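The structure appears below as structure tokens.
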Amino acid sequence: MRIAELLPPPAHYQLDVIPFRAQIFEGDGTTPFLPYNRRDYYKIWSISGPAKLHYADKSVEINKPALIFSNPLVPYSLEVFSDDRSGSMCVFTEDFLKTKERLDSIQESPLFKIGSDQVFFPDRAQLSFIYTLYEKMVSEMESTYIYKYDVIRNYVNLMIHEGMKMQPALSDVHHNNAASRITSLFLELLERQFPIDSPHFVLKLRKANDFAKNLSIHVNHLNNAVRDVTGKTTTAHITDRIVNEAKALLRHTNWSIADIGSCLGFEYSSYFNNFFKKNVGVTPLSLRK
């Protein structure tokens, strides 16, 4: 597994200080912490699958290597079906790509514009070129070259142009019924709470009833809709997201385990320990060590 950690721990994420991050991860059962849902981050990422990418009005099956362009204003949820996956990712702010020659907003670009096609399935040659660009970005970030961000900016623009040459994924499954709309809203509400960037934050929506109340529907209606659309229960989605956030905080912050449990909505450390061990198989302290 190769990971280039190019930013401080999540508690100190400030892309105005270090405006870019890139990493490559290979299938060994683990995936690095990816701040995919920060509202100020643009992402260009690849994943080998199998997985399903859920947007508000559609889902895309990822059954082969995919290249994805993510606008921070467009919520999504990635459902993975195997730990044996690999991929690459670069994360940056809008200001990172702005230069004297380019003053237009990246949100108006064909690949990041809301409503545009954002998922592509590259062919073998395109995959090779994309992976080479990621390797060059990672290598450049590790260098001491004073103008390395200018070089990386060119690599990012090459990635964008490569995406514009591709045909968008045609496996979209559009959902127009009530169950799909309810599920999309639920997933968006769930993702809005993350990532947690302060030990003083307390997770407010932790149970299916909490989400049902915010959506003004009966909890049974919510549970049935989510299960019908995703094949997973509402509780399973919530549990998986809390577990993933707990892992990230344990690995990438120096917060106490009690503080992490508290911000995730557990009144007592023992409750958090029991929840974590039940779902992960080890205690929070064991994972951190």
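The sequence shown lines up with residues 1 to 289 when you count with full-length UniProt numbering. Backbone N, C-alpha and C fix where the C-beta goes; we use that ideal spot for every residue, glycine too. Every value quoted in this text rests on a predicted model; they were computed, and no experiment measured them.
Just to confirm the assignment, what range does the alpha helix (DSSP H) spanning V226 have?
V219 to T230
Helix or strand or just coil, what does DSSP make of L189?
helix
Run of the alpha helix (DSSP H) containing M89, from where it starts to where it stops:
Element bounds for M89: not the alpha helix (DSSP H) but the beta strand (DSSP E), G87 to F92.
Exposed unless 16 or more other CB atoms sit within 10 angstroms - verdict on I44
buried
First and last residue of the alpha helix (DSSP H) that includes R288?
P284 to R288
Proximal residues to L189 (C-beta, below 8 Å), its chain only, five neighbours per side dropped
L205, F211, N214 and L215
Give me the Cβ distance between I152 and F20, rounded to the nearest whole Å; I'm assuming they're in contact under 8 Å.
6 Å
Among G87, E162, A51 and A246, whose alpha-carbon lies nearest the alpha-carbon of Y76?
A51
Tell me which same chain residues have a C-beta within less than 8 Å of the C-beta of H221, skipping the five on either side of it?
I182 and A212
Taking DSSP as the reference, what is the three-state secondary structure of L203?
coil
On the criterion of 16 or more Cβ atoms from any shown chain inside 10 Å, does residue 371 qualify as buried, or is it exposed?
Outside the modelled stretch of the chain, which goes from 1 to 289, sits residue 371, for which no answer is possible.
Just to confirm before moving on: does the CB-CB distance between M159 and L133 stay below 7 Å?
yes
DSSP beta-bridge partners for Q118?
In the DSSP output, where bridge partners are listed per residue, Q118 has none listed.
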